[in-house]
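There are 2 protein chains.
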Amino acid sequence: MFSKATEYALRATIYIAQKSSDKNKPGMAEIAKAIDSPQSFTAKILQLLTKNNKIVSSVRGPNGGFFLTDKAKKLPVRSILEAMGEDEVLEKCVLGLKQCSEAKPCPMHTNYKLIKGQLIDLFETKSIQSLADEFENGGAKLNNRIK
Amino acid sequence: MFSKATEYALRATIYIAQKSSDKNKPGMAEIAKAIDSPQSFTAKILQLLTKNNKIVSSVRGPNGGFFLTDKAKKLPVRSILEAMGEDEVLEKCVLGLKQCSEAKPCPMHTNYKLIKGQLIDLFETKSIQSLADEFENGGAKLNNRIK
DNA sequence: ATAATTAAGGATAAATTTGTCCTTAATTAT
DNA sequence: ATAATTAAGGACAAATTTATCCTTAATTAT
Ligand code: FES
Ligand code: FES
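Chain order of the listed sequences is A and B. Counting from 1 along the first sequence, just add 16 to a position and that's the residue number in my numbering. Counting from 1 along the second sequence, just add 16 to a position and that's the residue number in my numbering.
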């Protein structure tokens with residue numbers, strides 16, 4: 017559904033939201049390990065999410081790392097997709113027509129639009145914070161390594 | 017959601033299902049034009065769908081082209097995804113965990129699984145034939161060029 | 001001030017996806 | 001039989017995505 021980059025972005029952001037505090041900000045090594053992603057690549061992705069302080073914030077130097085402001089935690093998950101330039105996935109025609117519309121619907125449209133609506137609603141309603149709460153609190157995981 | 021290749025595969029198959037008959041089998045040029053796809057690339061994709069006569073059938077030579085057997089028309093849309101090796105998209109974890117499971121759910125799982133179920137149901141229930149019926153009959157389109 | 005730590009950023013490489021072109025093989029019409 | 005038509009298939013090219021590595025800049029601890 018999403019690119020690897022966006023999957024890493026989602027997992028990393030949720031991890032940071034849950035783990036960061038004033039005292040403790042996870043660094044790249046910790047994050048990549050926790051979400052089971054390639055470290056250098058994930059670093060690039062966090063750079064994107066940090067640019068203009070869109071979603072993720074960071075501090076350099078010893079005890080530095082990544083964190084989310086309270087404001088950022090309240091953002092809908094969709095804002096991560098937007099920062100990754102991949103939120104059009106939610107709006108796309110499932111058969112790849114240039115527009116998904118009632119005016120010129122594809123043969124799947126009538127059935128798919130119901131699902132699409134729920135998908136959009138999910139990503140717009142769920143906040144980053146609420147996903148962070150699911151993580152560990154609700155027993156949700158951000159990797160599924162055996163150990 | 018799907019790769020371009022799979023989008024072309026879906027559109028092309030639906031088009032062929034609707035347009036082909038004993039007397040008339042659309043060729044590559046016609047298909048690519050109708051579904052607004054790059055011809056040579058689409059040809060490769062139809063080769064995949066034709067291999068082992070999985071979904072699409074073909075005849076070479078004058079008045080040759082592509083068609084679907086009645087049996088093929090009754091296949092679920094998901095079988096096209098399978099032929100393209102891309103049906104795992106339906107089963108995947110939305111955050112990219114290696115497994116989507118109740119045992120080790122990601123933070124989106126509880127909400128997403130409801131949508132996922134509908135998505136799987138849609139692709140397993142809808143037949144290629146029923147989509148072909150939507151096309152032109154039901155006013156559905158396989159491209160949205162202005163003209 | 002200095003050294004240590006950590007993210008930012010640039011350059012580059014590998015892998016995959018998307019796409020084109022040309023030749024070959026099969027089939028049909030004449 | 002021959003020529004025309006059309007899909008099959010191989011080789012290759014372009015574009016995009018994924019990934020690594022190394023240097024630079026900022027910050028902190030000493
Ligand atoms: S037009 Fe294809 S899903 Fe809406
Ligand atoms: S585990 Fe992520 S969607 Fe099921």
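All C-beta atoms in this analysis are idealised placements derived from N, C-alpha and C, irrespective of residue type, glycine included. Since we're looking at a predicted model, the values are computed, not measured.
Look up residue i in the DSSP assignment and say whether it is helix, strand or coil.
i                     : result
residue 19 of chain B : coil
residue 73 of chain B : strand
With distances taken from CA atoms, which of the options is nearest residue i?
i                      : options                       : result
residue 52 of chain B  : B:36, B:74 and B:28           : B:28
residue 79 of chain A  : A:129, A:42 and A:31          : A:42
residue 100 of chain A : A:60, A:155 and A:46          : A:60
residue 90 of chain B  : B:162, B:148, B:159 and B:160 : B:148
residue 155 of chain A : A:64, A:25 and A:34           : A:34
residue 160 of chain A : B:88, B:115 and B:50          : B:115
residue 50 of chain A  : A:125, A:38, A:86 and A:26    : A:26
residue 125 of chain A : B:125, B:73, B:146 and B:118  : B:146
residue 75 of chain A  : A:117, A:119 and A:38         : A:38
residue 140 of chain B : B:73, B:153 and B:104         : B:104
Of all the CB atoms in chain B, is at least one closer than 8 Å to the CB of residue i?
i                      : result
residue 110 of chain A : yes
residue 151 of chain A : yes
residue 72 of chain A  : no
residue 131 of chain A : yes
residue 140 of chain A : no
residue 180 of chain A : As displayed, chain A neither begins before 17 nor continues past 163, which places residue 180 of chain A out of reach and without an answer.
residue 76 of chain A  : no
residue 20 of chain A  : yes
residue 40 of chain A  : no
residue 2 of chain A   : The shown model of chain A, from 17 to 163, leaves out residue 2 of chain A, and the question about it has no answer.
residue 114 of chain A : yes
Look at residue i and residue j and say whether their C-beta atoms are less than 8 Å apart.
i                      : j                      : result
residue 102 of chain A : residue 111 of chain B : no
residue 71 of chain A  : residue 95 of chain A  : yes
residue 106 of chain B : residue 136 of chain B : yes
residue 123 of chain B : residue 151 of chain A : yes
residue 121 of chain B : residue 67 of chain A  : no
residue 108 of chain A : residue 17 of chain B  : yes
residue 127 of chain A : residue 138 of chain B : yes
residue 82 of chain A  : residue 97 of chain A  : no
residue 54 of chain B  : residue 45 of chain B  : no
residue 32 of chain B  : residue 84 of chain B  : yes
residue 92 of chain A  : residue 142 of chain A : yes
I'd like to know whether the C-beta of residue i is nearer than 8 Å to at least one C-beta of chain A.
i                      : result
residue 145 of chain B : no
residue 30 of chain B  : yes
residue 92 of chain B  : no
residue 55 of chain B  : no
residue 123 of chain B : yes
residue 100 of chain B : no
residue 16 of chain B  : Only positions 17 to 163 of chain B appear in the structure, and residue 16 of chain B is not among them; the question remains open.
residue 156 of chain B : yes
residue 127 of chain B : yes
residue 23 of chain B  : yes
residue 89 of chain B  : no
residue 26 of chain B  : yes
residue 79 of chain B  : no
residue 186 of chain B : With chain B running from 17 to 163 in the structure shown, residue 186 of chain B is simply not present.
Any heavy atom of ligand 3 closer than 7 Å to the beta-carbon of residue i?
i                     : result
residue 89 of chain A : Only ligand 1 and ligand 2 can be found as ligands here, which leaves ligand 3 out of the picture.
Quick one: complete alpha helix (DSSP H) runs, 4+ long, within the segment 96 to 153 of chain B? Within the segment 96 to 153 of chain B, complete alpha helix (DSSP H) segments of at least 4 residues are found at 125 to 141 and 144 to 150, given in chain order.
Where are the beta strand (DSSP E) runs, 3 residues long or more, that stay fully inside the segment 20 to 94 of chain B, in chain order? Along the length of the segment 20 to 94 of chain B, whole beta strand (DSSP E) runs at least 3 residues long occupy 73 to 75 and 81 to 83, reported in chain order.
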